[in-house]
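Undergrad: Chains as they are written, first to last, in the working numbering: chain A, 2 to 109; chain B, 226 to 532.
Even for Gly, the Cβ is constructed at its ideal location relative to N, Cα and C.
The following block contains the structure:
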């Protein structure tokens with residue numbers, strides 16, 4: 002399974018599913034760096050297909066949600082569980098950095 | 226038995242993937258290790274007009290992907306892996322990565338260099354939204370607009386000249402009271418009517434509303450703070466080669482670049498350096514791809530000596 006294009010409704014459904022974490026990237030079509038991390042996110046989504054859904058939100062289309070989640074920078078990746086944001090990372094520099102962020106955040 | 230590649234290339238930019246393309250076409254078993262996505266620094270450039278063959282220009286990300294696919298067509302394998310450590314002084318070289326250990330008979334260092342950052346909060350998020358590191362690449366997007374250029378060395382002075390011919394106004398911000406640039410740059414820059422100088426100033430804040438709207442400056446002598454509105458910011462405060470991994474392993478010059486001549490051979494047998502990470506005069510996509518081809522040639526020669 003690849004990265005899921007999410008709207009606000011899907012975001013609510015995924016992030017509030019009890020006990021199931023989800024990684025969401027807040028992105029924008031004009032963000033050059035977002036394109037750079039796309040291949041790494043695709044690979045991660047495929048690797049973690051059974052454990053962690055990976056979603057992407059276009060902040061230009063989901064402005065209210067982006068404001069609610071206090072997104073000021075793209076790409077921002079947030080890990081959610083039970084409706085709560087557990088942690089976030091901005092403009093990660095490698096696939097490995099995203100993986101350590103996930104592991105460390107889930108271990109907390 | 227563990228797989229031993231003929232060539233392991235560290236970095237999937239233009240230098241890395243052209244080395245890969247040539248190596249694979251020469252029958253070498255070739256692996257590219259890339260930490261994020263193909264293209265390297267080039268992938269952050271909105272439009273590349275000085276790489277021949279694309280009459281309308283091409284965006285750097287797409288060009289990087291094309292180079293990757295072009296090399297993979299001949300059997301090159303890519304791993305999205307971050308290299309953690311290297312052992313390069315043996316016949317079979319060991320590359321420890323986030324995705325496991327890889328072994329190779331030759332290693333091509335194609336880790337690139339990146340523009341030195343300002344180190345001001347929010348900088349990374351404004352790349353592509355008015356904040357740039359390459360006047361020659363992105364200056365045209367600011368035609369008729371006002372830009373702030375930060376820096377005072379040779380490349381900053383050259384960038385200021387490029388921008389002064391394109392933009393309505395260039396505001397050069399430098400932390401000293403004079404340019405460090407060589408004399409040949411001084412006069413034309415001083416004479417340019419649309420270049421304004423803010424000596425003894427540093428950028429303390431990047432102002433943005435979706436895109437860059439200005440900068441906050443602080444005078445390092447008086448402490449006075451000012452706000453300068455602008456449409457774009459160009460950062461030209463030097464470059465830093467990505468050579469942390471090879472410090473102490475291969476010879477580096479005083480700037481931290483890997484010492485290798487036009488043959489791309491480093492101080493270690495079977496280890497090559499291509500693209501921006503190597504000592505060279507001109508760091509461009511075309512010179513990086515040329516290095517890749519040359520490295521493959523000398524790697525082939527080196528492999529022949531092992532047999």
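List, in order along the chain, the chain B residues whose C-beta lies closer than 8 Å to that of residue 94 of chain A?
TA: Within chain B, the residues near residue 94 of chain A are 260, 261.
Undergrad: Output, in chain order, the set of chain B residues within a Cβ distance shorter than 7 Å of residue 58 of chain A.
TA: The premise fails here: residue 58 of chain A is roughly 16 Å from chain B at the closest Cβ pair, so nothing lies under 7 Å.
Undergrad: Below 7 Å between beta carbons: does that hold for residue 78 of chain A and residue 88 of chain A?
TA: It is not a contact, given that the beta carbons lie outside the stated cut-off.
Undergrad: To the nearest angstrom, how far is it from the Cα of residue 36 of chain A to the Cα of residue 530 of chain B?
TA: Straight-line Cα distance between these residues: approximately 42 Å.
Undergrad: Do you know how far the Cα of residue 382 of chain B is from the Cα of residue 356 of chain B?
TA: Going by the C-alpha atoms only, they are around 18 Å apart.
Undergrad: With a CB to CB cut of under 6 Å and the five nearest residues on each side skipped, what residues in its chain are close to residue 82 of chain A?
TA: These residues qualify, in order along the chain: 22.
Undergrad: I want to know whether the region 50-59 of chain A touches the region 239-248 of chain B - three or more CB-CB distances under 8 Å.
TA: Cβ pair count under 8 Å is below three, so no.
Undergrad: Between the C-alpha atoms of residue 501 of chain B and residue 290 of chain B, what's the straight-line distance to the nearest angstrom?
TA: Distance between the alpha carbons of residue 501 of chain B and residue 290 of chain B: 19 Å.
Undergrad: Beta strand (DSSP E) containing residue 85 of chain A: first to last residue?
TA: Its beta strand (DSSP E) spans residues 85-91.
Undergrad: Could you please tell me which residues of the region 26-45 of chain A, in chain order, have their CB closer than 8 Å to any CB of chain B?
TA: Those would be 31, 32, 33, 34, 36, 37, 38, 39, 40, 41, 44, in chain order.
Undergrad: Taking the alpha-carbon positions, what's the residue 407 of chain B to residue 414 of chain B distance?
TA: Residue 407 of chain B and residue 414 of chain B: Cα-Cα distance of roughly 12 Å.
Undergrad: Excluding five sequence neighbours on each side, which residues of the same chain lie with their C-beta closer than 6 Å to the C-beta of residue 342 of chain B?
TA: Answer for residue 342 of chain B: 348, listed in chain order.
Undergrad: Nearest CA to the CA of residue 265 of chain B: which residue from B:508, B:519, B:528?
TA: With distances taken between Cα atoms, residue 265 of chain B lies closest to B:508.
Undergrad: Can you look up residue 7 of chain A in the DSSP assignment and give me helix, strand or coil?
TA: DSSP places residue 7 of chain A in strand when its eight states are reduced to three.
Undergrad: So which residues of chain B does residue 75 of chain A contact, with C-beta pairs closer than 8 Å?
TA: Simply 350.
Undergrad: Determine, for residue 67 of chain A, whether the minimum Cβ-Cβ distance to residues of chain B falls below 7 Å.
TA: So no, residue 67 of chain A is outside the interface.
Undergrad: Note down the Cα distance separating residue 373 of chain B from residue 17 of chain A, rounded to an integer number of angstroms.
TA: Approximately 45 Å between the Cα atoms of the pair.
Undergrad: If distances are taken between C-alpha atoms only, which option among B:303, B:295, B:446, B:274 comes closest to residue 234 of chain B?
TA: Out of B:303, B:295, B:446, B:274, B:303 has the C-alpha closest to the C-alpha of residue 234 of chain B.
Undergrad: Using the Cβ count rule (16 or more neighbours within 10 Å means buried), how would you classify residue 274 of chain B?
TA: Residue 274 of chain B should be labelled exposed.
Undergrad: Going by C-alpha to C-alpha distance, which of B:525, B:513, B:495, B:523 sits closest to residue 315 of chain B?
TA: When only C-alpha atoms are compared, the closest one is B:495.
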